[in-house]
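> Mind having a look at this structure? Questions to follow.
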Amino acid sequence: MGTTRCTDLMMLLHLTGHALETELTARLAEIGLTPRARCVLSSALDADRTQSEIAEMASIDKTTMVVTLDALEAAGYAERKPSAVDRRARVVVVTELGREMVAKGDQVVVDVYESVLGSLPDDERDGLVNGLTRLMEGRLSTPMPCEKPPRKRALRHAVG
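Residue numbers (full-length UniProt numbering): 1 to 160.
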């Protein structure tokens, strides 16, 4: 336990998260996607979700969501169509080209994750993933009430 006391856990998580996000952003840019665009497309696949529902799932504000969807439509990756359930609502439909981009993006993410985790010995890899999963499902699953909480960053949709 001595190491835990002197380790700046938040800084380690922040720096590794930032490095991973930067690498994913660069690799996705090589195929013409951003992490946000990939997240929106992945969330819309076969789901009949409105842009508001997707924005909430991905922690994207409404203005950013509109700009993202405008770009996805301009690229031919997605379309806004009337909902079959609610005539006033519009759902995000991923085009065939968009589906191809999601598949390419998913492969990029898998490659990066395998490379990152593959740089660790098996027992450390499993321990890291299992520990982080337990923290997010347990101790850190509910944010502590805070008068001025740090800004929540948008989720970038992990694989799956």
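Glycine residues also receive a C-beta, built at the ideal position from the N, C-alpha and C atoms.
Looking at the strands, I want to know which residues DSSP matches up with residue 82.
As a working note, residue 82 is residue 82 in the sequence shown. For residue 82, which the question treats as bridged, DSSP gives the partners 90.
> Answer yes or no: do residue 91 and residue 48 have a C-beta to C-beta separation smaller than 8 Å?
Mapped onto the sequence shown, residue 91 falls at position 91. Mapped onto the sequence shown, residue 48 falls at position 48. Yes, these two residues count as a Cβ contact at 8 Å.
> Output yes or no for whether 8 Å exceeds the beta carbon distance between residue 79 and residue 93.
Your numbering for residue 79 matches position 79 in the sequence shown. Your numbering for residue 93 matches position 93 in the sequence shown. The answer is yes: Cβ separation under 8 Å.
> How many angstroms separate the CA atom of residue 85 from the CA atom of residue 50?
By 1-based counting over the sequence shown, the position of residue 85 is 85. By 1-based counting over the sequence shown, the position of residue 50 is 50. Spanning the two alpha carbons is a distance of roughly 11 Å.
> If you draw a straight line from the alpha carbon of residue 73 to that of residue 97, how long is it in whole angstroms?
As a working note, residue 73 is residue 73 in the sequence shown. As a working note, residue 97 is residue 97 in the sequence shown. Distance between the alpha carbons of residue 73 and residue 97 is about 11 Å.
> State the Cα-Cα distance for the pair residue 124 and residue 15, rounded to the nearest angstrom.
Counting from 1 along the sequence shown, the entry for residue 124 is found at position 124. Counting from 1 along the sequence shown, the entry for residue 15 is found at position 15. Their Cα atoms are separated by approximately 18 Å.
> Please report the distance separating the alpha-carbon of residue 10 from that of residue 104.
For the purposes of this step, residue 10 is taken as residue 10 along the sequence shown, with counting starting at 1. For the purposes of this step, residue 104 is taken as residue 104 along the sequence shown, with counting starting at 1. Looking at the two C-alpha atoms, the distance is approximately 32 Å.
> If you drop the 5 nearest sequence neighbours on each side, which residues of the same chain put their C-beta closer than 6 Å to that of residue 156?
The sequence position of residue 156 within the sequence shown is 156, counting from 1. Note that residue 156 scores 48 on pLDDT, short of 50, meaning its location in the model is unreliable; the coordinates nonetheless yield the value given after this. The residues are 35 and 39.
> Where does residue 68 fall in DSSP's three states?
Mapped onto the sequence shown, residue 68 falls at position 68. DSSP places residue 68 in helix when its eight states are reduced to three.
> Distance check for residue 21 and residue 29, CA to CA, integer angstroms please.
One-based indexing of the sequence shown puts residue 29 at position 29. One-based indexing of the sequence shown puts residue 21 at position 21. Each residue's Cα considered, the two are about 12 Å apart.
> With H, G and I counted as helix, E and B as strand and the rest as coil, what does DSSP make of residue 7?
Locating residue 7 in the sequence shown gives position 7, where the first residue counts as 1. Here residue 7 sits in coil by DSSP.
> Along the chain, where does the alpha helix (DSSP H) that runs through residue 60 open and close?
The residue labelled residue 60 in the question sits at position 60 within the sequence shown. Premise fails: residue 60 is in no alpha helix (DSSP H) and is neither H nor E.
> Kindly list the residues whose CB is nearer than 8 Å to the CB of residue 143, restricted to its own chain and excluding five residues on each side of it in sequence; keep chain order.
Position 143 of the sequence shown, counted from the first residue, corresponds to residue 143. So the qualifying residues of the chain are 149.
> The alpha helix (DSSP H) spanning residue 35 covers which residue range?
Numbered from 1 along the sequence shown, position 35 holds the residue referred to as residue 35. It spans 35-44 - the alpha helix (DSSP H) in which residue 35 sits, taken as one unbroken run.
> Under the rule that 16 or more other beta-carbon atoms within 10 Å means buried, what is residue 136, buried or exposed?
In the sequence shown, the residue the question calls residue 136 occupies position 136. Classification of residue 136: exposed, given that the 10 Å Cβ count is below 16.
> Compare the C-alpha of residue 75 against each of 63, 33, 87 and 64 and name the closest.
Taking the first residue of the sequence shown as position 1, residue 75 is located at position 75. Closest option to residue 75, Cα to Cα, is 33.
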